[in-house]
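Numbering (my numbering), first residue to last: 1 to 154.
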């Protein structure tokens with residue numbers, strides 16, 4: 001068995017891509033616009049995962065087995081709730097403080113700040129819970145995060 005991707009439905013593709021690509025640093029791997037089905041699929045992967053895969057001349061991965069997030073955007077408006085009912089996405093990051101600060105500067109609420117220098121939780125524009133884990137050992141506690149309170153749920 002090989003993990004392929006996690007699919008999340010999104011209401012605003014531009015806002016969601018800004019969160020995942022500019023905020024978290026993921027890269028778009030593939031996009032499928034399906035006119036008949038009236039939806040767009042966008043597959044995203046972490047840069048380090050992209051380094052492990054070869055692509056054909058069209059940019060399509062030759063091996064599907066890299067971990068990806070599939071954003072599904074239905075063109076006709078739908079309301080989604082319970083973004084947390086599947087659990088959460090988790091990403092290992094090189095500097096949890098740098099990522100959290102970048103997201104905070106973008107106006108993203110930090111639901112569970114990285115008080116321990118190791119773990120934080122944020123939410124995408126569609127309410128998807130995203131866990132950020134420091135690669136390697138936890139960093140030393142750092143303000144303002146060390147004394148920051150939880151906001152909302154994750």
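Just so you know, even glycine gets a beta-carbon here, dropped at the ideal spot from N, CA and C.
For residue i, which of helix, strand or coil comes out of DSSP?
{"i": "residue 84", "result": "In this prediction, residue 84 has a pLDDT of 42, which is less than 50 and means its spatial position is unreliable; nothing more can be read from the coordinates."}
{"i": "residue 152", "result": "coil"}
{"i": "residue 155", "result": "This structure cannot settle anything about residue 155, because the visible part of the chain is limited to 1 through 154."}
{"i": "residue 41", "result": "strand"}
{"i": "residue 51", "result": "coil"}
{"i": "residue 79", "result": "coil"}
{"i": "residue 97", "result": "helix"}
{"i": "residue 24", "result": "coil"}
{"i": "residue 72", "result": "strand"}
What does the Cβ neighbour count give for residue i, buried or exposed, with the cut at 16 atoms within 10 Å?
{"i": "residue 45", "result": "buried"}
{"i": "residue 66", "result": "buried"}
{"i": "residue 145", "result": "buried"}
{"i": "residue 23", "result": "buried"}
{"i": "residue 110", "result": "buried"}
Residues in its own chain within less than 6 Å of residue i by CB, not counting five upstream and five downstream?
{"i": "residue 108", "result": "122"}
{"i": "residue 92", "result": "133 and 135"}
Are the region 5-21 and the region 64-76 in contact at 8 Å, needing three or more beta carbon pairs? yes
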